[in-house]
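Undergrad: Have a look at this one.
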Amino acid sequence: MSGKLKWACSLGLMFMASPSLAAIGLISPSEAHESITRTDAKKRPLLLDTRGGYKDYISGHLPTAHHINFDTLRGTDQGVPVQYLPEDLTRPLLERAGVDRGRQHILYAEGGTGDEILSASMVAYVLEKYGIEDIKIIDGGLPAYKLSYELSQEYPNTPRGTLPKKAKFSIGTDVKTVMQRKDQKNVVLVDARPKNEYLGEDSVWPRKGHIPGAVSFPWRMVMTSDNTHKFKPYSEVQSLLTDKGISPDKEIIVYCGTSREGSLLRFYLTHVAGYKNVVLYEGSWKEYAALKELPVETADPSQNNSKS
1 MSGKLKWACS LGLMFMASPS LAAIGLISPS EAHESITRTD AKKRPLLLDT
51 RGGYKDYISG HLPTAHHINF DTLRGTDQGV PVQYLPEDLT RPLLERAGVD
101 RGRQHILYAE GGTGDEILSA SMVAYVLEKY GIEDIKIIDG GLPAYKLSYE
151 LSQEYPNTPR GTLPKKAKFS IGTDVKTVMQ RKDQKNVVLV DARPKNEYLG
201 EDSVWPRKGH IPGAVSFPWR MVMTSDNTHK FKPYSEVQSL LTDKGISPDK
251 EIIVYCGTSR EGSLLRFYLT HVAGYKNVVL YEGSWKEYAA LKELPVETAD
301 PSQNNSKS
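Dropping the structure here:
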């Protein structure tokens, strides 16, 4: 093989490996605008507004955006609230929203409390779980988009989609697996909630604290301070992650309160940072806290959380 050919192959592999060019990842507001305003409607992506407030959507949304309230994908199961719905309920909901195996899917959100980006990452997680391979979250969300472009109040006529037959349930895990895996040498359990909840200094949860052995890495640490819909580059977060033992060579299990914060941190680690082995504990603290036979911890073991 000639030197030029070797260089070209190496360059091609480098681009293929780049997280920014992956089929699941981020898209800028300008790139999203260009895609959704293409003349040929058949080449446009499916645009999903994931906000929980339907009046927010009605008052103004990105052109062609279909509203899918993130919370329609969850419900109470055996007394535990906001659990992901089973497959026989989830598939029809996604297909009615137009989710389709042959389309690109662009997601966005906005919320007055600054945390509605979590609805976008949660819906992205569900789409990936059901086999969708082309998913983008608008970097900066609705706040960034509307700085340059007009919103719409038109409802799109979204055709019903068809999901892939093969799902990808392996990106999530359950409490039994967490308890079996969390103390393994190469496993890092990460709590994505705000630090006060990790320490049990909150008024929300019936049991206070975190899963023993978990390290604290609040989801906002990967977002910019002026726009919690805009992701920080991995170069700005890498040392913070590795200081907590959250490195690409480890098996990472992420959880939070109801799995939205965890879905964002998993999205970042997998599709922005390029980590290969990150799963979401779907039950998260809402389930774990209800299992009173399981131990909890309130101390911060950050001085000894790195596993080698």
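Oh and the sequence shown: position 135 is 135 in the working numbering, straight run, nothing missing.
Ideal placement from N, C-alpha and C gives every residue a C-beta, glycine not left out.
What first and last residue would you give for the alpha helix (DSSP H) that runs through Leu265?
TA: Here residue 265 refers to the residue found at position 265 of the sequence shown. 260 to 267 is the extent of the alpha helix (DSSP H) around Leu265.
Undergrad: Can you name, in chain order, every residue of its own chain whose Cβ lies under 7 Å from the Cβ of Lys129, other than the five neighbours on each side?
TA: Here residue 129 is taken as the residue at index 129 of the sequence shown, counted from 1. Closer than 7 Å at the Cβ level, and outside the excluded window around Lys129, lie Ala167, Lys168, Phe169, Ile171, Gly172.
Undergrad: For Gly25 versus Val272, is the C-beta distance shorter than 8 Å?
TA: On the sequence shown, residue 25 is found 25 positions in, with the first residue counted as 1. On the sequence shown, residue 272 is found 272 positions in, with the first residue counted as 1. Against a cut-off of 8 Å, the Cβ pair of Val272 and Gly25 comes out as a contact.
Undergrad: Cβ atoms of Leu107 and Ala120: under 8 Å apart, would you say?
TA: Position 120 of the sequence shown, counted from the first residue, corresponds to residue 120. Position 107 of the sequence shown, counted from the first residue, corresponds to residue 107. Against a cut-off of 8 Å, the Cβ pair of Leu107 and Ala120 comes out as a contact.
Undergrad: Is it true that the region 184 to 195 meets the region 203 to 219, where meeting means three or more beta-carbon pairs spaced less than 8 Å apart?
TA: These segments touch.
Undergrad: Grab the span of the alpha helix (DSSP H) containing Asp56 for me, first residue to last.
TA: Numbered from its first residue, the sequence shown carries residue 56 at position 56. Run containing Asp56: 54 to 59, per the alpha helix (DSSP H) assignment.
Undergrad: Report back the beta-carbon spacing between Ile138 and Ala32 to the nearest angstrom; my notes put them in contact at under 8 Å.
TA: Within the sequence shown, numbered from 1, the residue matching residue 138 stands at position 138. Within the sequence shown, numbered from 1, the residue matching residue 32 stands at position 32. Contact flag correct, Cβ pair sits at about 5 Å.
Undergrad: If I measure Cβ to Cβ from Arg44 and keep anything under 7 Å in the same chain, skipping five residues before and after, which residues do I get?
TA: Counting from one through the sequence shown, the residue named residue 44 turns up at place 44. Closer than 7 Å at the Cβ level, and outside the excluded window around Arg44, lie Ser35, Ile36, Arg38, Thr64.
Undergrad: If we ignore side chains and look at the alpha-carbon of each, how far apart do Tyr268 and Arg51 end up?
TA: Here residue 268 is taken as the residue at index 268 of the sequence shown, counted from 1. Here residue 51 is taken as the residue at index 51 of the sequence shown, counted from 1. Each residue's alpha carbon lies about 20 Å from the other.
Undergrad: Per DSSP, which residues does Arg74 bridge with? Please list them.
TA: If you number the sequence shown from 1, residue 74 lands on position 74. Paired residue(s): Tyr84.
Undergrad: Distance, Cα to Cα, Gly75 vs Pro86?
TA: For this step, residue 75 is matched to residue 75 along the sequence shown. For this step, residue 86 is matched to residue 86 along the sequence shown. If you take the alpha carbons of Gly75 and Pro86, they lie about 10 Å apart.
Undergrad: Could you compute how far the alpha carbon of His229 sits from the alpha carbon of Glu197?
TA: Your numbering for residue 229 matches position 229 in the sequence shown. Your numbering for residue 197 matches position 197 in the sequence shown. Rounded to whole angstroms, His229 to Glu197 spans 22 Å at the Cα level.
Undergrad: Tell me whether Ser263 is buried or exposed, calling it buried when 16 or more other Cβ atoms sit within 10 Å of its Cβ.
TA: As a position in the sequence shown, residue 263 is number 263, starting the count at 1. Buried, since its Cβ has 16 or more Cβ neighbours within 10 Å.
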